[in-house]
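Residue numbers (our numbering): 10 to 180.
Cβ coordinates follow ideal geometry from the N, Cα and C atoms, glycine included.
Just so you know, these numbers come straight off a predicted model, no measurement behind them.
First the structure, in the form of structure tokens, and then the observations on it.
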């Protein structure tokens, strides 16, 4: 399997376009499809395991790993999540469910909603952070200007121009 797509896990997946996120999820499904414990789970539990692995991998980047190491880490996380999520959701022996890629890909809609919510939250926090920084800059700038400016006497209105002129006769 080509592991170059897995290198996207090094970057910020939330800021990537939805097409890239979906392609990365599809590659993750193909990677973990042959995990031994995944086939023994019910379809909903298997989808939950794959969703958990993807969301966990979105939040924790792999900065110094290559594609093969990322694949091994994802398989390990899958086995850990199979043990956590799949204890009570094992399919019975008479209805042994074969886990296929199409069943696992049904979990994408929930992941897409979750990633969109995270993207909107980041955008909102960035906007409010910018507004707060501008307000602080204006307040500090105004305070510095008031403290640094020399104190002047109270402004008085100039006298009207007619009173300042002397009549022509007096000259």
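> Roughly how many whole angstroms lie between the Cα atoms of residue 119 and residue 153?
Replying inline: Here the question's residue 119 lines up with position 110 in the chain shown. Here the question's residue 153 lines up with position 144 in the chain shown. Each residue's Cα considered, the two are about 51 angstroms apart.
>> So for residue 116, helix, strand or coil by DSSP?
In response: In the chain shown, residue 116 corresponds to position 107, counting from 1. Coil.
> So, is residue 103 buried or exposed, given that buried needs 16 or more other C-beta atoms within 10 angstroms?
Replying inline: The residue given as residue 103 occupies position 94 in the chain shown. The predicted position of residue 103 is uncertain, since its pLDDT is 41 and thus under 50; a value taken from the coordinates is nonetheless stated next. It counts as exposed.
>> If contacts are defined as beta-carbon pairs under 8 angstroms, then residue 60 and residue 116 qualify, I think. What distance do you get, rounded to the angstrom?
In response: Start at 1 with the first residue of the chain shown, and residue 60 comes out as number 51. Start at 1 with the first residue of the chain shown, and residue 116 comes out as number 107. Yes, residue 60 and residue 116 are in contact; Cβ-Cβ is about 5 angstroms, under 8 angstroms.
>> Quick check on the DSSP output: the alpha helix (DSSP H) that includes residue 39 runs from which residue to which?
In response: By one-based count along the chain shown, residue 39 stands at place 30. Here the alpha helix (DSSP H) through residue 39 covers 27-41.
>> For the region 122-135 against the region 80-95, do three or more pairs of beta-carbon atoms, one drawn from each stretch, fall closer than 8 angstroms, so that the two count as touching?
In response: no
> DSSP beta-bridge partners for residue 16?
Replying inline: Indexing the chain shown from 1 puts residue 16 at position 7. Answer is none; residue 16 lacks a bridge partner.
> In or out: residue 13 buried (at least 16 other Cβ within 10 Å) or exposed?
Replying inline: Indexing the chain shown from 1 puts residue 13 at position 4. Per the 10 Å Cβ criterion, exposed.
>> Quick check: what's the CA-CA separation for residue 25 versus residue 45?
In response: Along the chain shown, read from residue 1 onward, the residue named residue 25 stands at position 16. Along the chain shown, read from residue 1 onward, the residue named residue 45 stands at position 36. Cα to Cα, the separation comes out at about 31 angstroms.
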